[in-house]
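Trainee: 93 is the number that the numbering used here gives to position 88 of the sequence shown; each next residue is one higher, with no gaps. No residue lacks a Cβ here, since even glycine has one placed at the ideal position from N, Cα and C. Got a structure for you, written out below as structure tokens; questions coming shortly.
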Amino acid sequence: MRNQLSILLLLILATGVVVSCKKWQDPAPIDDPRLNNPYCNDPTAVNYNWGFPGKPDNSVCFYPSDLFAGTYSFKDTSYQAATDLYLSADSFTIYISKISQTKISIDGLCPSGEKLILTAGATYTATVDTTVGDSTTLYPGQYFCSQKDTVVGFFARDKVDSSMIYVDLYIRTDTGATVRRGRAIKK
């Protein structure tokens, strides 16, 4: 008798729970004025998702190559790579041009007119592309001013001062290796 009473009570309780359940209905959407600001929705852009949530608008996007493009006054110092011995200092104008969203070319570093090609990233840095050599080459890099010299290195844009770029290049020549470090200031 006790088992029958327990079963009956459980059956009544289960029936009450099933009957009392009501399907959930979503509330009406709220019009939030903060969701009207445009944001960049292109993952290759530097400002991807800045200002999210809002309305996707890729016209506000800027890309890694946009960070570097322009004309700069470049001041550098050359050092011997092995001993860090000072060699020379120089000052001249360089021109950084946008090739694509991530590629830039630099003109003005070589008197011969050779351009340096770099790949820019969303981290405000651009690295010299390796166009000469592979994993078996002793000194891979990119030709620099002549077919005898190769260069590796990077350009880094200052995140606070948008007119400043720091340059660090390692140049391998037939007579040894030099390091060129300097700063470029946008004109």
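1) Would you check if there are 3 or more beta carbon pairs closer than 8 Å linking the region 77-94 to the region 180-188?
2) Helix, strand or coil, according to DSSP, for residue 158 in the structure here?
3) Based on the DSSP secondary-structure assignment, which residues constitute the bridge partners of residue 147?
4) Please classify residue 181: does DSSP put it in a helix, a strand, or coil?
5) Ignore the nearest five residues each way along the sequence and tell me which others in residue 190's own chain have a CB closer than 7 Å to its CB.
6) Taking the alpha-carbon positions, what's the residue 123 to residue 150 distance?
7) What does the alpha-carbon distance come out to for the pair residue 101 and residue 51?
8) Can you find at least 3 beta carbon pairs, one from the region 63-72 and one from the region 25-34, that sit closer than 8 Å?
9) So is residue 156 buried or exposed if we call it buried at 16+ other beta carbons inside 10 Å?
10) Can you pull the DSSP bridge partners for residue 91?
11) Between residue 178 and residue 154, how many whole angstroms is the CB-CB distance? I'm expecting something under 8 Å.
12) What's the C-alpha gap between residue 36 and residue 45?
13) By how many angstroms is the C-alpha of residue 83 removed from the C-alpha of residue 91?
14) Counting along the chain, where does the beta strand (DSSP E) carrying residue 110 start and finish?
15) Distance, Cα to Cα, residue 74 vs residue 109?
16) Which residues in the same chain as residue 98 place their Cβ atom closer than 8 Å to its Cβ, once the five residues preceding and following it in sequence are excluded?
17) CB-CB under 6 Å to residue 56, same chain, minus the five flanking residues each way: which ones, in chain order?
18) In terms of residues, what are the limits of the beta strand (DSSP E) holding residue 130?
Mentor: Concretely, from the data shown:
1) yes
2) For this step, residue 158 is matched to residue 153 along the sequence shown. In the structure shown, residue 158 sits in a strand (DSSP, three-state: E or B).
3) Along the sequence shown, one-based indexing puts residue 147 at 142. Note: residue 147 sits in a beta bridge opposite 156.
4) Within the sequence shown, numbered from 1, the residue matching residue 181 stands at position 176. Note: residue 181 maps to strand in three-state DSSP.
5) Mapped onto the sequence shown, residue 190 falls at position 185. Cβ neighbours of residue 190 beyond the five flanking positions: 77, 78, 168, 169.
6) As a working note, residue 123 is residue 118 in the sequence shown. As a working note, residue 150 is residue 145 in the sequence shown. Between residue 123 and residue 150, the C-alpha separation is close to 15 Å.
7) To locate residue 101, count along the sequence shown from 1; it is residue 96. To locate residue 51, count along the sequence shown from 1; it is residue 46. So the alpha carbons of these two residues sit roughly 18 Å apart.
8) no
9) For this step, residue 156 is matched to residue 151 along the sequence shown. So residue 156 ends up on the buried side.
10) Stepping through the sequence shown from its first residue, residue 91 is reached at position 86. The partner list for residue 91 (beta bridge, DSSP) reads 84.
11) For the purposes of this step, residue 178 is taken as the residue at position 173 of the sequence shown. For the purposes of this step, residue 154 is taken as the residue at position 149 of the sequence shown. The pair is a contact, with the Cβ atoms about 5 Å apart (cut-off 8 Å).
12) Counting from one through the sequence shown, the residue named residue 36 turns up at place 31. Counting from one through the sequence shown, the residue named residue 45 turns up at place 40. When rounded, the distance between both Cα atoms is 21 Å.
13) The sequence position of residue 91 within the sequence shown is 86, counting from 1. The sequence position of residue 83 within the sequence shown is 78, counting from 1. If you take the alpha carbons of residue 91 and residue 83, they lie about 6 Å apart.
14) Within the sequence shown, residue 110 is the residue found at index 105, counting from 1. Its beta strand (DSSP E) spans residues 108-112.
15) Reading the sequence shown from its first residue, position 69 is the one you call residue 74. Reading the sequence shown from its first residue, position 104 is the one you call residue 109. Their backbone Cα atoms lie some 8 Å apart in a straight line.
16) As a working note, residue 98 is residue 93 in the sequence shown. Counting only Cβ-Cβ distances below 8 Å, and skipping sequence neighbours, we find 76, 77, 78, 79, 113, 192.
17) Translated into the one-based positions of the sequence shown, residue 56 becomes position 51. Closer than 6 Å at Cβ, skipping near neighbours: 42, 44.
18) To locate residue 130, count along the sequence shown from 1; it is residue 125. Segment 130-133, the beta strand (DSSP E) holding residue 130.
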